[in-house]
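Some notes on the structure that comes next.
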Amino acid sequence: MNAYEQLLAIRDRLELNGASEDSIEMIDKYLARVESERDSNTNVPMTMMLKHLLRQREALDNDAVYNDLQELMEGSSRPARDPDAAPYAWEEERRPKPHSYYRQQKQKEQKGQK
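In this note's numbering, the protein residues as written are 184 to 297.
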């Protein structure tokens, strides 16, 4: 989705969450700015758009706007992983083999060479 479509989606989600009028007005202002990008093929992730909006003066000066956008940010995080799925490589505990394992390997190799 391009920036215009993302802002429309953010506006819809704000309305569903019962966001303040200031939040809706801020999004409308940015929608007017990116009107020319309506047919753009540039893909903009929602989290990137929300991070950008959270850094704007309107959000920083108004707690209601900031909290509304932050609520969307928390809701747009990745869904929980399936507990039956294989763990990621960095989640697995590293268990090095003991020295006795390598000694046995060496002994097997020596017996195989004779």
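Heads up, the beta-carbon is just placed ideally off N, CA and C, and yes, glycines get one too.
*In whole angstroms, what separates the C-alpha of leucine 191 from that of threonine 225?*
Each residue's alpha carbon lies about 15 angstroms from the other.
*tyrosine 285, buried or exposed, once every other Cβ within 10 Å from all chains shown has been counted against 16*: With fewer than 16 other beta carbons inside 10 angstroms of its own, tyrosine 285 counts as exposed.
_Rounded C-alpha distance that separates aspartate 222 from alanine 215_ = Our two residues, aspartate 222 and alanine 215, have alpha carbons roughly 14 angstroms apart in a direct line.
*asked:* For the alpha helix (DSSP H) containing serine 283, name the first residue and the last one.
replied: In the DSSP annotation of this structure, the continuous segment of the alpha helix (DSSP H) that includes serine 283 starts and ends at 282–296.
*Count the other CB atoms within 10 Å of the CB of methionine 231; is the residue buried (16 or more) or exposed (fewer)?*
Counting C-beta atoms within 10 angstroms of its own C-beta, methionine 231 has fewer than 16 neighbours from the protein chains shown and is therefore classed as exposed.
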